[in-house]
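Below: one structure, written as structure tokens.
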Amino acid sequence: MTETYYVTTPIYYVNDVPHIGHSYTTVAADVLARYFRAAQRDVHFLTGTDEHGIKIVKAAEKKNTTPQQLADEVVVGFRDLWDMLNISNDNFIRTTEPRHKKRVQKLVQDLVDRDEVYLGSYEGWYDEGQEEYVTESAARDNDYKSEINGKPLVRYSEQNWFFRLGKWAPKLIEYIEANPKFIQPTPRRNEVLSKLKMSIDAGELPDLCISRNKEKLPWGVEMPNDPSHVVYVWVDALSNYYNALGIPEIGDEFDGKFAKYWPADVHLIGKDILWFHAVYWPCILMALDIPMPKKIFAHGWWTSEGKKMSKSMGNFISREEIAGFCDEYSRDMYRYYLLRAVSFGTDGDFSADMFKQIYNSELANGIGNLLSRTIKMIDKYFGGEIPEPVETLEEAALVHAAAKAIYEQSDEMMQNCAFHHYIDKIISLVSATNAFIDDTAPFKLAKDESQRSRLGSILYTCAEAVRIIMVYLAPIMPDKTASALQSLGCEQTQGTLAELGKWGGIKPGTKIVQTDPLFPRKQ
Ligand code: ME8
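Each residue of the sequence shown is one higher than the last, beginning at 11 in our numbering.
This is the structure in structure tokens:
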């Protein structure tokens with residue numbers, strides 16, 4: 011049976027339009043999905059929108075519209091952005107869809123049936139931006155303001171339903187300690203672990219309030235056991251990862267055929283929402299006896315031209331600006347930049363200058379130039395047919411080694427979301443091949459008929475290296491690599507990544523096709 015691969019993005023709030031931050035997580039997830047499809051895994055890629063809760067109500071009020079209308083409008087912007095960025099999700103969940111609501115209620119009812127939920131009363135500080143109660147000491151430490159958006163915390167007092175988080179937290183600690191790769195990157199894992207331990211020691215890990223009074227907040231999924239409450243938006247939202255696959259017992263449109271994708275291979279998220287994913291979600295899953303996701307990976311934060319992006323500063327890199335970069339450079343370059351400019355897991359800065367610099371040095375002068383040199387020489391010296399590699403070339407050792415390194419390590423790098431290492435390996439192959447051309451100087455050999463078989467072997471090596479570069483770059487740059495493979499006469503070549511990534515795939519005699527430069531230099 012084919013091995014499955016299930017990757018998710020956060021479901022994004024519809025209180026605001028999409029921006030670079032959202033595109034980052036989604037592009038990364040898309041690259042994983044495309045890579046593992048090429049590696050012949052049975053992939054499911056889920057994204058969507060988070061449409062309930064106080065944030066959406068407030069945003070709708072400001073715009074003089076209803077929450078549903080706001081969600082219906084904003085979701086179009088997300089879908090358009092994903093189309094523009096060539097995102098290949100298999101499923102898109104909106105939390106206001108009946109299929110989702112029904113499943114949230116089932117999940118919460120299961121918690122009730124297992125006695126994991128009880129009615130209690132709560133009074134405390136609430137961060138309305140984060141939709142989260144804040145402990146007294148955390149509120150005090152931050153001057154009774156939101157740690158995230160700096161707005162004053164609000165005093166809430168309610169009768170509510172609580173999930174027995176405290177009961178599961180020690181078991182979660184054991185789980186995180188026994189599974190070092192469960193939360194990644196490691197520094198984030200350590201942060202979660204120490205915060206968990208400290209909160210328990212200080213007696214400050216209260217049970218999780220999972221309902222909201224419907225009179226105060228009607229915009230949510232009704233609690234299945236109590237129509238006067240709605241489900242806390244984070245429980246509603248987190249459950250999407252599991253729910254979106256369908257729950258056969260309550261009837262679902264997939265007839266249970268998507269159940270095979272659970273547990274998820276990776277939940278990709280930003281570091282801002284790690285606690286919800288690394289603590290609340292796993293504890294809920296343990297309480298329901300549902301297997302844990304294999305990995306939760308929290309990436310870093312983008313700033314824009316060195317400044318924190320915020321709504322108040324109005325400096326979010328918007329969908330329109332992203333479209334501008336895509337028009338000027340191509341959507342593939344935008345995807346490449348996001349994964350190239352910073353190592354996945356650390357913070358990064360989006361700068362137009364850096365964008366151009368990476369484009370010119372790695373794509374125009376690096377990969378693009380290598381492709382066009384190779385194609386031109388094959389055209390000129392071998393009438394456009396890829397020559398036979400008759401001779402073994404000592405000088406090609408580093409090229410072969412670089413190709414072998416990607417072949418052997420790509421799966422692991424992708425499993426670990428190490429996109430920067432993956433791209434490094436590709437760039438090493440580009441550099442090794444460019445150095446090989448300089449070293450062997452085929453343009454000089456072309457003048458000497460006695461060197462013809464050596465010349466043919468050199469150009470075969472170049473063509474094969476370029477093909478392999480394109481095969482591995484394809485998940486990141488699907489458009490550009492398709493046209494490069496077409497100019498190498500390889501666009502029809504089918505096979506698994508294990509077959510396509512192996513040295514020697516290009517057939518001598520294949521006709522190459524001259525095309526426009528793949529990455530024209532930018533001034
Ligand atoms: O938190 N840099 O939705 P959200 C990098 N609905 N990534 C960023 C970013 C930035 N400056 N800004 C946002 C929510 N992101 C909840 C999630 S999931 C069950 C519910 C990305 O619209 C990053 O992935 O606020 C972050 O986690 C996500 O957008 C938050 O999106």
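Here a beta-carbon is modelled for each residue, glycine too, at the ideal position from N, C-alpha and C. Keep in mind it's a predicted model, so treat the numbers as computed, not measured.
- The criterion of a C-beta distance shorter than 8 Å is not satisfied by PRO527 and SER320.
- In terms of Cα proximity to ALA508, the closest of ALA451, ARG462, ILE468, ALA413 is ALA413.
- DSSP places GLN425 in the helix class (H, G or I) of the three-state scheme.
- Around the C-beta of SER131, fewer than 16 other C-beta atoms lie within 10 Å, and the residue is accordingly described as exposed.
- For the pair GLN496 and VAL476, the CB atoms are not nearer than the 8 Å cut-off.
- Counting along the chain, the unbroken alpha helix (DSSP H) around ALA48 starts and ends at 30 to 48.
- Under DSSP, HIS287 takes part in no beta bridge, so it has no partner.
- According to the DSSP secondary-structure assignment, ALA308 is paired through a beta bridge with ILE279.
- With a threshold of 7 Å, the Cβ atom of MET323 does not count as near ligand 1, since no heavy atom of the ligand is closer than that.
- Short note on TYR23: C-beta closer than 7 Å to some heavy atom of ligand 1.
- Where HIS110 is concerned, the enclosing alpha helix (DSSP H) starts and stops at 108 to 123.
- From the listed residues ILE478, PRO452, TYR482, the smallest Cα separation to ILE468 is found for PRO452.
- A contact between stretches requires three or more CB pairs, one per stretch, nearer than 8 Å, and the region 61 to 70 meets this requirement with the region 23 to 35.
- Taking MET423 as the centre and dropping the five residues before and after it, the same chain places the C-beta of HIS431, TYR432 closer than 7 Å to its C-beta, in chain order.
- Minimum Cα-Cα distance from GLU330 among the listed residues GLU13, MET11, LEU91 corresponds to LEU91.
- For PHE354, the secondary structure class from DSSP, reduced to helix, strand or coil, is strand.
- Excluding residues up to 5 positions away in sequence, PHE172, PHE173, ARG174, LEU175, GLY176 lie with their Cβ nearer than 7 Å to the Cβ of ASP217 in the same chain.
- The C-alpha of SER209 lies about 15 Å from the C-alpha of GLU184.
- In terms of Cα proximity to PRO108, the closest of GLY230, LYS435, GLN533, TYR339 is GLY230.
- For TYR128, the enclosing beta strand (DSSP E) begins and ends at 127 to 137.
- When the Cα atoms are used, THR313 and ILE416 turn out to be separated by approximately 31 Å.
- Just measuring C-alpha positions, the residue of ALA411, ASP449, GLY376 sitting nearest MET480 is GLY376.
- If you check the C-beta of LEU248 against ligand 1, you find a heavy atom less than 7 Å away.
- Counted as a single uninterrupted DSSP element, the beta strand (DSSP E) harbouring GLN169 occupies residues 164 to 173.
- With fewer than 16 other Cβ atoms from the protein chains shown falling within 10 Å of its own Cβ, ASP265 counts as exposed.
- Rounded to whole angstroms, the separation of the alpha carbons of LEU349 and GLY499 is 28 Å.
- ASP265 has its CB no nearer than 7 Å to any heavy atom of ligand 1.
- Under the three-state reduction of DSSP output, GLN194 falls in the strand class.
- Look at the region 305 to 392 and you find these whole runs of beta strand (DSSP E), each 3 residues long or longer: 306 to 309, 312 to 314, 358 to 360.
- Around the Cβ of GLU225, a 10 Å sphere holds fewer than 16 other Cβ atoms; the residue is exposed.
- Following the DSSP letters along the chain, one finds ASP93 in no beta strand (DSSP E) but inside the alpha helix (DSSP H) bounded by residues 77 to 94.
- At a cut-off of 7 Å, the beta-carbon of PRO77 does not count as near ligand 1: no heavy atom of the ligand is closer than that.
- Beta-bridge partners assigned by DSSP to GLY58: ILE21, ILE103.
- DSSP lists no bridge partner for VAL231.
- Beta bridge pairing from DSSP links ASP151 with no other residue.
- Between THR19 and ASN250, the C-beta gap is not smaller than 8 Å, which leaves the two residues out of contact.
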